[in-house]
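FYI, this note's numbering numbers position 110 of the sequence shown as 100, with every residue one higher than the one before it.
Just so it is clear, CB atoms sit at the ideal spot from N, CA and C, and this is done for glycine as well.
Beneath this line is the structure, given in structure tokens, with notes to follow.
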Amino acid sequence: MRNVNLLLELQRFCDQEAEIKKRQRESVFSLLALEKTFTAAEKQWNELKQSIASYKGLLMAENLQLETIEANIKKWNTELFTTHTANPKYLRDIEAKIKENETAKSHSEDKVLEIMDLLEADEAKSIQIEKDYLDAQSLLQLKKDAHAVLVGETNSSLQDLERKKSELRLQIDEEWLATFDKTFLQSQGKAVSLISKGVCQICRFMLPTSKLDQLYTQKDELHFCDNCKRIIMVD
Ligand SMILES: [Zn+2]
């Protein structure tokens, strides 16, 4: 059939299809962005958990070390007060050992305090970081569910449009269809443009009067915009 309205209808189905595909694309991109946010939050949370575990390990080791030092000090003090020898070198050696251990004890205590500070700082951060991680996780899950629903719904709309387009194409003159398809490819998916008040609604070109006359009188012919080369028809 040589009816330009059928081409317009075909263009409208194509527009709906493009709109749906755009929504699907946007949904995919926002899903990817949320996945990225979640991965970053997860990494941060895992790193912090690891850091806390490692400080706890260090703290435990340092406490053991401290216990050993304290036991040594006790041992050498006992030795100092219970020994029966009056050998001055031996006594000085014991005193030196006690002093050495006292110094080590003081270093070890400093170390314990230092680790406890770092651990406390990590634990203080952990509340917010765990929350960020859990929030990102639930947001991602919500988006995944919404995306699955959107894809399900829109895919059935796309199938529906595909069927309508095929049925419509059967009614259109073959030569016109070929022109539509060629124009469609060359004009970013907009093959048909409406002319309103003498102006092409896509490229805003003002058509010459002679062209407008043709448009109104030769309704069984295809007409094209002089500027954007799209198929034109009157509103
Ligand atoms: Zn135009």
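Relative to the C-alpha of residue i, which residue among the options is closest?
| i | options | result |
| --- | --- | --- |
| residue 187 | 175, 14, 201, 176 | 201 |
| residue 62 | 87, 155, 44 | 87 |
| residue 95 | 54, 29, 129 | 54 |
| residue 18 | 178, 157, 135 | 135 |
| residue 199 | 216, 211, 115 | 216 |
So, is residue i buried or exposed, given that buried needs 16 or more other C-beta atoms within 10 angstroms?
| i | result |
| --- | --- |
| residue 91 | buried |
| residue -8 | exposed |
| residue 7 | buried |
| residue 153 | exposed |
| residue 173 | buried |
| residue 118 | exposed |
| residue 123 | buried |
| residue 220 | buried |
| residue -6 | buried |
| residue 126 | buried |
| residue 160 | exposed |
DSSP state of residue i, grouped into three classes?
| i | result |
| --- | --- |
| residue 213 | strand |
| residue 184 | strand |
| residue 119 | helix |
| residue 193 | coil |
| residue 228 | Coverage of the chain is limited to positions -9 through 225, which leaves residue 228 absent and any answer about it impossible. |
| residue 84 | helix |
| residue 221 | strand |
| residue 179 | coil |
| residue 62 | helix |
| residue 162 | coil |
| residue 74 | coil |
| residue -7 | coil |
| residue 208 | coil |
What separation, rounded to the nearest whole angstrom, lies between the Cα atoms of residue i and residue j?
| i | j | result |
| --- | --- | --- |
| residue 9 | residue 42 | 49 Å |
| residue 108 | residue 37 | 14 Å |
| residue 120 | residue 132 | 18 Å |
| residue 168 | residue 20 | 37 Å |
| residue 171 | residue -1 | 14 Å |
| residue 97 | residue 22 | 50 Å |
| residue 112 | residue 40 | 10 Å |
| residue 4 | residue 164 | 18 Å |
| residue 206 | residue 197 | 13 Å |
| residue 15 | residue 100 | 57 Å |
| residue 185 | residue 13 | 28 Å |
| residue 2 | residue 181 | 10 Å |
| residue 208 | residue 151 | 31 Å |
| residue 203 | residue 214 | 13 Å |
| residue 229 | residue 190 | Outside the modelled stretch of the chain, which goes from -9 to 225, sits residue 229, for which no answer is possible. |
| residue 79 | residue 104 | 37 Å |
| residue 138 | residue 32 | 23 Å |
| residue 142 | residue 11 | 13 Å |
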